[in-house]
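Undergrad:
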Amino acid sequence: MDLAPSAPPEPTEVEYHWTDITDDFLNACKDLKLGELVHDDMFGLFDAMSAIEMMDPKMDVGMLCNSSQRQIRSFQQAVEDGLLKTADLTPREQLGVMDTSLAYLLSWLEGHSLTQTVSTNAYLQAPHSIQDRCVKAFSVATIQLVNTISELLVQVALLYEEEDFQPQSLPDRTGVTPLRAVGMLREAEEDVTRELRARRKAGDTAAREETEELVAVQARLKFFRCLFQAVLAFSKKENQGLEEAWKALSSAKELLPVLKNTCPMGASYEQVEQAAKGGHLVTMGFDPLLNQRQLPPAFPRYPRLRALPATMDELTALLDRLLRLRTVLECKHLHALMVGGGEADYMQAFSATKPCVFSRTVLFVIAEPLHGLSSRPSPAGAQTLLQAARAFIAPPSLAPRSPVLGNEKAKDAVDMFMCRCQAAFYQLLQVAGHNRARQRQKLEMVLADLAGLQEEAERVDTLLHALCLQLEPARHHLVCFTTWILYHVLRVMIQYLLSGFELELYSAHEYHYIYWYLSECLYGWMVSTLNRADSFLAEHDAAMELAAQRVRNSKKSRAKKRKSRYERDIVLTQALQNLCGGLHKTCIGLQAEGRLQRPHAEFDNEQVRYEHRFWPFSAVVTPPPVQYGHYRHMTGAGPPQQNRAVMAYSEACQCFHQARGLLETLPANDAEVAVLTRMAKTNYVVARILAGGHSQGRSPIFDFSSHKYFPVIRIQ
Numbered sequence: 001m002d003l004a005p006s007a008p009p010e011p012t013e014v015e016y017h018w019t020d021i022t023d024d025f026l027n028a029c030k031d032l033k034l035g036e037l038v039h040d041d042m043f044g045l046f047d048a049m050s051a052i053e054m055m056d057p058k059m060d061v062g063m064l065c066n067s068s069q070r071q072i073r074s075f076q077q078a079v080e081d082g083l084l085k086t087a088d089l090t091p092r093e094q095l096g097v098m099d100t101s102l103a104y105l106l107s108w109l110e111g112h113s114l115t116q117t118v119s120t121n122a123y124l125q126a127p128h129s130i131q132d133r134c135v136k137a138f139s140v141a142t143i144q145l146v147n148t149i150s151e152l153l154v155q156v157a158l159l160y161e162e163e164d165f166q167p168q169s170l171p172d173r174t175g176v177t178p179l180r181a182v183g184m185l186r187e188a189e190e191d192v193t194r195e196l197r198a199r200r201k202a203g204d205t206a207a208r209e210e211t212e213e214l215v216a217v218q219a220r221l222k223f224f225r226c227l228f229q230a231v232l233a234f235s236k237k238e239n240q241g242l243e244e245a246w247k248a249l250s251s252a253k254e255l256l257p258v259l260k261n262t263c264p265m266g267a268s269y270e271q272v273e274q275a276a277k278g279g280h281l282v283t284m285g286f287d288p289l290l291n292q293r294q295l296p297p298a299f300p301r302y303p304r305l306r307a308l309p310a311t312m313d314e315l316t317a318l319l320d321r322l323l324r325l326r327t328v329l330e331c332k333h334l335h336a337l338m339v340g341g342g343e344a345d346y347m348q349a350f351s352a353t354k355p356c357v358f359s360r361t362v363l364f365v366i367a368e369p370l371h372g373l374s375s376r377p378s379p380a381g382a383q384t385l386l387q388a389a390r391a392f393i394a395p396p397s398l399a400p401r402s403p404v405l406g407n408e409k410a411k412d413a414v415d416m417f418m419c420r421c422q423a424a425f426y427q428l429l430q431v432a433g434h435n436r437a438r439q440r441q442k443l444e445m446v447l448a449d450l451a452g453l454q455e456e457a458e459r460v461d462t463l464l465h466a467l468c469l470q471l472e473p474a475r476h477h478l479v480c481f482t483t484w485i486l487y488h489v490l491r492v493m494i495q496y497l498l499s500g501f502e503l504e505l506y507s508a509h510e511y512h513y514i515y516w517y518l519s520e521c522l523y524g525w526m527v528s529t530l531n532r533a534d535s536f537l538a539e540h541d542a543a544m545e546l547a548a549q550r551v552r553n554s555k556k557s558r559a560k561k562r563k564s565r566y567e568r569d570i571v572l573t574q575a576l577q578n579l580c581g582g583l584h585k586t587c588i589g590l591q592a593e594g595r596l597q598r599p600h601a602e603f604d605n606e607q608v609r610y611e612h613r614f615w616p617f618s619a620v621v622t623p624p625p626v627q628y629g630h631y632r633h634m635t636g637a638g639p640p641q642q643n644r645a646v647m648a649y650s651e652a653c654q655c656f657h658q659a660r661g662l663l664e665t666l667p668a669n670d671a672e673v674a675v676l677t678r679m680a681k682t683n684y685v686v687a688r689i690l691a692g693g694h695s696q697g698r699s700p701i702f703d704f705s706s707h708k709y710f711p712v713i714r715i716q
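In UniProt numbering, the protein residues as written are 1 to 716.
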């Protein structure tokens with residue numbers, strides 16, 4: 001047998017039979033209108049858009065690499081070609097690497113891809129090969145800091161969305177722990193300090209500029225170390241590292257003026273300035289196309305890079321936000337209603353400043369363990385909610401010496417109800433940590449969960465009321481938990497509607513039924529809810545005072561005039577109710593006169609728009625959702641009458657006047673009250689002018705610059 005290897009068979013020639021389909025294709029497409037696409041079972045819109053985007057330099061990020069006139073080098077290639085220094089970097093070059101890294105780090109925290117920002121630093125590909133101690137320590141710490149923040153955002157808080165943060169981390173090629181990375185920064189800082197001492201001791205004044213550069217390097221090493229220590233402290237469980245975090249952040253903030261003043265000393269200062277104006281940053285150690293092949297074919301984002309002075313300003317704002325979070329520890333109740341706010345109020349106020357996702361995450365990480373709330377029911381969380389209910393309405397059955405609380409059946413019912421409440425209230429706490437646009441979307445789910453608790457609250461109230469009548473006939477437990485849940489339902493509904501103004505979701509021709517729903521339904525229910533809670537608190541205070549007198553065996557003392565605990569909130573809610581009523585009436589008058597632009601009649605269906613805006617409220621039992629037909633009946637909407645606009649403007653004047661009177665009874669040092677008062681005065685004057693028939697034919701402008709929910713009406 002011949003075992004010699006045989007020659008490979010000759011490849012057969014493949015024959016192609018090409019067919020020109022140009023004419024057939026054009027004939028098939030001639031019946032399509034401009035912008036119309038063919039849809040086939042095997043070729044849909046996604047495939048069509050992908051085909052359009054691929055190989056297009058404007059849409060396909062991979063084409064940037066092909067069109068680039070320069071060679072893209074990795075860390076090793078750049079070192080071999082002498083384009084990347086790993087040892088003996090001058091202080092000016094060290095400053096360039098550090099400042100550019102900080103600029104890209106900030107861009108990453110603002111939501112840009114890690115691949116297009118921090119990872120464009122070639123030094124991060126092989127930090128163990130860097131011989132310069134300052135750059136090596138800074139690079140190692142950058143990798144550890146990015147991974148620590150990613151873990152905090154992705155695995156702990158889960159408050160990010162795709163527009164906030166890209167869930168990526170850097171490959172850990174350092175081989176060191178985060179604490180060791182902090183130690184490396186400290187050692188590099190000490191090396192620079194020793195060199196500065198030696199220069200000053202020798203009296204070397206000739207190299208004054210280089211000495212100033214060394215001081216700038218030292219400041220950056222210390223700043224980055226303090227920032228890293230603060231992030232590590234925040235990542236500790238149960239707020240064990242808060243004091244360390246505040247101390248580190250304060251030290252870092254003190255160094256930022258030095259960093260800003262010494263920005264021009266860095267070797268990459270001019271390049272970063274040009275990149276901030278819209279160019280591409282190419283400097284020693286950084287290449288924007290370094291990881292371009294790792295991106296998806298159609299990646300739409302272009303990384304935004306700030307100029308270095310603006311970067312330092314934004315870092316200052318970030319540290320200020322983080323240091324401001326110390327005040328969250330002063331919140332004693334989860335969602336207290338009294339002036340000063342509880343935790344939910346605090347988080348909403350913080351969210352209104354539109355902080356970055358990292359700031360919101362740190363707030364949530366601090367706030368979550370304060371009162372024991374978590375995604376899973378726990379005894380600590382149940383106790384927290386029980387205290388919140390006591391602080392809000394003081395149910396008689398939950399009084400410290402109430403015989404009802406000792407009843408086993410009542411105790412089990414209350415415990416079960418509080419366990420059911422934990423998931424909804426934890427979600428409510430979590431929603432405040434999302435960005436403003438996503439909050440509105442998630443409030444729908446929270447509202448559905450809270451609505452499910454209303455029926456449970458009624459059952460518990462009925463049981464406790466029956467036990468109260470048996471064991472403590474002088475007191476009654478009627479609709480206590482129901483009122484507590486209703487209060488939070490109303491708050492979510494109000495926040496849902498108001499957020500539409502902040503996000504500019506409503507058109508001007510929709511304002512009339514939005515403000516009507518707020519005025520007639522939500523704020524009206526809120527006033528009655530607060531009054532009911534206040535009456536229960538007054539009854540509780542009277543019972544406690546009577547019990548104290550019995551213990552002292554003293555004569556009945558002269559009754560002191562009790563100050564309503566919710567007086568400010570009731571007055572403010574009534575004022576907002578009148579403001580919304582005035583805006584509703586003004587919009588009705590403007591529509592009657594034809595001053596508000598409406599959609600084309602062929603595409604206009606007010607009932608569809610109305611039902612779409614208030615669809616999330618259909619899950620709520622109390623307050624009952626108002627159907628469109630009922631709204632038309634209550635508002636008397638119909639064909640415009642000759643005097644209808646004048647009547648609407650006159651009623652709007654009354655509403656604005658009442659709102660102004662209520663607001664002027666509140667403390668004048670409240671900034672929001674002052675803004676609302678000015679708005680009520682201005683709108684009152686405008687309504688008077690419109691009622692008098694002036695400015696006929698002029699279109700209105702709704703100016704939300706003073707307040708994001710309630711506009712000042714101006715006539716062009």
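Ideal Cβ placement from N, Cα and C applies to all residues, glycine included.
Considering only DSSP beta bridges, list what Asp-703 is partnered with.
TA: In the sequence shown, counting from the first residue as 1, residue 703 sits at position 703. In DSSP, Asp-703 forms a bridge with Val-712.
Undergrad: Please list, in chain order, all residues of the same chain as Glu-455 whose beta carbon is under 8 Å from its beta carbon, the five residues on each side excluded.
TA: For this step, residue 455 is matched to residue 455 along the sequence shown. Once the five neighbours on either side are set aside, the close Cβ partners of Glu-455 are Val-621.
Undergrad: Please classify His-488 as buried or exposed, where buried requires at least 16 other C-beta atoms within 10 Å of its C-beta.
TA: The count along the sequence shown starts at 1 and reaches residue 488 at position 488. Per the 10 Å Cβ criterion, buried.
Undergrad: Using DSSP's beta-bridge definition, name the partner residues of Phe-43.
TA: Counting from 1 along the sequence shown, the entry for residue 43 is found at position 43. Its beta-bridge partners are Asp-40.
Undergrad: Quick one: give me the first and last residue of the alpha helix (DSSP H) that Ala-157 is part of.
TA: Position 157 of the sequence shown, counted from the first residue, corresponds to residue 157. It is not in any alpha helix (DSSP H) - Ala-157 carries neither H nor E in the DSSP assignment.
Undergrad: I think Arg-306 touches Ala-432, with their Cβ atoms under 8 Å apart; what is that distance to the nearest whole Å?
TA: Here residue 306 refers to the residue found at position 306 of the sequence shown. Here residue 432 refers to the residue found at position 432 of the sequence shown. Not really, about 28 Å apart at Cβ, beyond 8 Å.
Undergrad: Would you mind reading off the limits of the alpha helix (DSSP H) that contains Glu-472?
TA: Residue mapping note: residue 472 aligns to position 472 of the sequence shown, counting from 1. Taken as a continuous stretch (DSSP letters only), Glu-472 belongs to no alpha helix (DSSP H), as it is neither H nor E.
Undergrad: Specify whether the segment 696 to 704 and the segment 662 to 672 touch according to this definition: at least 3 beta carbon pairs, one from each stretch, less than 8 Å apart.
TA: Flag = no, the segment 696 to 704 and the segment 662 to 672 do not touch.
Undergrad: How close, in whole Å, do the beta carbons of Thr-120 and Asp-320 come, if the pair is a contact with beta carbons under 8 Å?
TA: Position 120 of the sequence shown, counted from the first residue, corresponds to residue 120. Position 320 of the sequence shown, counted from the first residue, corresponds to residue 320. Going by Cβ atoms, the distance from Thr-120 to Asp-320 rounds to 28 Å, so no, they are not a contact pair.
Undergrad: So, are the CB atoms of Val-357 and Cys-521 less than 8 Å apart?
TA: Taking the first residue of the sequence shown as position 1, residue 357 is located at position 357. Taking the first residue of the sequence shown as position 1, residue 521 is located at position 521. No; because the gap between Cβ atoms is not below 8 Å, this pair is not in contact.
Undergrad: Whose C-beta lies closer than 7 Å to the C-beta of Met-338 among residues of the same chain, with five residues either side of it excluded?
TA: Indexing the sequence shown from 1 puts residue 338 at position 338. Here Met-338 scores only 36 on pLDDT, less than 50, and its place in the model is too uncertain to base an answer on.
Undergrad: Can you tell me which of the three DSSP states Thr-90 falls into?
TA: If you number the sequence shown from 1, residue 90 lands on position 90. It is coil, neither helix nor strand.
Undergrad: His-584 to Ser-359, Cα distance in whole Å?
TA: Numbered from its first residue, the sequence shown carries residue 584 at position 584. Numbered from its first residue, the sequence shown carries residue 359 at position 359. Taking the straight line from one Cα to the other gives about 37 Å.
Undergrad: Along the chain, where does the alpha helix (DSSP H) containing Gly-278 start, and where does it finish?
TA: By one-based count along the sequence shown, residue 278 stands at place 278. Looking at the DSSP string, Gly-278 is not in any alpha helix (DSSP H), and its letter there is neither H nor E.
Undergrad: Let me know the secondary structure DSSP gives Met-338 once reduced to three states.
TA: Here residue 338 is taken as the residue at index 338 of the sequence shown, counted from 1. For Met-338, the predicted model reports a pLDDT of 36, less than 50, meaning its position is unreliable; a value from the coordinates is still stated below. Reduced to three states, the DSSP call for Met-338 is coil.
Undergrad: Rounded to a whole number of angstroms, what is the C-alpha to C-alpha distance between Leu-373 and Val-328?
TA: Counted from its first residue, the sequence shown places residue 373 at position 373. Counted from its first residue, the sequence shown places residue 328 at position 328. Looking at the two C-alpha atoms, the distance is approximately 15 Å.
Undergrad: The alpha helix (DSSP H) spanning Pro-171 covers which residue range?
TA: Your numbering for residue 171 matches position 171 in the sequence shown. Here Pro-171 belongs to no alpha helix (DSSP H), and DSSP marks it neither H nor E.
Undergrad: Excluding the 5 residues flanking Leu-325 on each side, which residues of the same chain have their C-beta closer than 7 Å to its C-beta?
TA: For the purposes of this step, residue 325 is taken as the residue at position 325 of the sequence shown. Excluding residues within five positions, the ones whose Cβ falls inside 7 Å are Val-362, Leu-363 and Ile-366.
Undergrad: Can you find the residues in the same chain that come closer than 6 Å, C-beta to C-beta, to Met-1, ignoring five residues on each side of it along the sequence?
TA: Within the sequence shown, the letter at position 1 stands for residue 1. For Met-1, the predicted structure reports a pLDDT of 43, less than 50, and the residue's modelled location is therefore unreliable. A value from the coordinates is still provided. So the list is empty, once near-sequence residues are dropped.
Undergrad: Tell me the start and end of each unbroken alpha helix (DSSP H) in the segment 608 to 640 that is at least 4 residues and wholly inside, in chain order.
TA: Entirely contained in the segment 608 to 640, the alpha helix (DSSP H) runs reaching 4 residues are, in chain order, 628 to 635.
Undergrad: Would you call the segment 399 to 411 in contact with the segment 470 to 480, where contact means no fewer than 3 C-beta pairs closer than 8 Å?
TA: Yes: at least three Cβ pairs fall under 8 Å.
Undergrad: Answer with buried or exposed for Ile-21, where buried requires no fewer than 16 other C-beta atoms within 10 angstroms of its C-beta.
TA: The count along the sequence shown starts at 1 and reaches residue 21 at position 21. Classification of Ile-21: exposed, given that the 10 Å Cβ count is below 16.
Undergrad: Where does Asn-121 sit, in a helix, a strand or coil, going by DSSP?
TA: Taking the sequence shown and counting its residues from 1, the one referred to as residue 121 is at position 121. Of the three classes helix, strand and coil, the one that applies to Asn-121 here is strand, per DSSP.
Undergrad: Compute the beta-carbon to beta-carbon distance between His-512 and Gln-591, rounded to the nearest angstrom, for a pair I have assumed lies under 8 Å.
TA: Within the sequence shown, the letter at position 512 stands for residue 512. Within the sequence shown, the letter at position 591 stands for residue 591. At roughly 7 Å, the Cβ-Cβ gap stays under 8 Å, so His-512 and Gln-591 are in contact.
Undergrad: Output the distance between the C-alpha atoms of Leu-497 and Gln-348, rounded to the nearest integer angstrom.
TA: Mapped onto the sequence shown, residue 497 falls at position 497. Mapped onto the sequence shown, residue 348 falls at position 348. The alpha-carbon atoms of Leu-497 and Gln-348 are separated by roughly 15 Å.
Undergrad: In chain order, what residues of the same chain have a beta carbon less than 6 Å from the beta carbon of Arg-532, not counting five sequence neighbours either side?
TA: In the sequence shown, counting from the first residue as 1, residue 532 sits at position 532. Thr-483, listed in sequence order.
Undergrad: Under 8 Å between the Cβ atoms of Gly-241 and Ala-252?
TA: In the sequence shown, residue 241 corresponds to position 241, counting from 1. In the sequence shown, residue 252 corresponds to position 252, counting from 1. No, the pair does not count as a contact, with Cβ atoms beyond the cut-off.
Undergrad: At the level of alpha carbons, what is the spacing between Phe-710 and Lys-681?
TA: As a position in the sequence shown, residue 710 is number 710, starting the count at 1. As a position in the sequence shown, residue 681 is number 681, starting the count at 1. Near 13 Å, if we compare the C-alpha coordinates of Lys-681 and Phe-710.
Undergrad: In the DSSP assignment, the alpha helix (DSSP H) including Asp-24 goes from what residue to what residue?
TA: One-based indexing of the sequence shown puts residue 24 at position 24. Unbroken alpha helix (DSSP H) run through Asp-24: 22 to 29.
Undergrad: Taking buried to mean at least 16 other C-beta atoms within 10 Å of its own C-beta, is His-128 buried or exposed?
TA: On the sequence shown, residue 128 is found 128 positions in, with the first residue counted as 1. Exposed.
Undergrad: What would DSSP say about Glu-15, mapped onto helix, strand or coil?
TA: For this step, residue 15 is matched to residue 15 along the sequence shown. DSSP places Glu-15 in coil when its eight states are reduced to three.
Undergrad: So, Val-492 versus Leu-453, is the Cβ gap smaller than 8 Å?
TA: For this step, residue 492 is matched to residue 492 along the sequence shown. For this step, residue 453 is matched to residue 453 along the sequence shown. Result no, Cβ atoms of Val-492 and Leu-453 do not sit closer than 8 Å.
Undergrad: In whole angstroms, give me the CA-to-CA distance for Ala-245 and Leu-676.
TA: Taking the sequence shown and counting its residues from 1, one reaches residue 245 at position 245. Taking the sequence shown and counting its residues from 1, one reaches residue 676 at position 676. Taking the straight line from one Cα to the other gives about 38 Å.
Undergrad: Where does Phe-165 fall in DSSP's three states?
TA: As a working note, residue 165 is residue 165 in the sequence shown. Of the three classes helix, strand and coil, the one that applies to Phe-165 here is coil, per DSSP.
Undergrad: Taking contact to mean at least 3 C-beta pairs separated by less than 8 Å, is the segment 131 to 144 in contact with the segment 174 to 185?
TA: A contact exists between the segment 131 to 144 and the segment 174 to 185.
Undergrad: For Pro-171, which option in Thr-115, Glu-161 and Glu-187 has the closest C-alpha, if you only look at C-alpha atoms?
TA: The residue labelled residue 171 in the question sits at position 171 within the sequence shown. Per the Cα distances, Thr-115.
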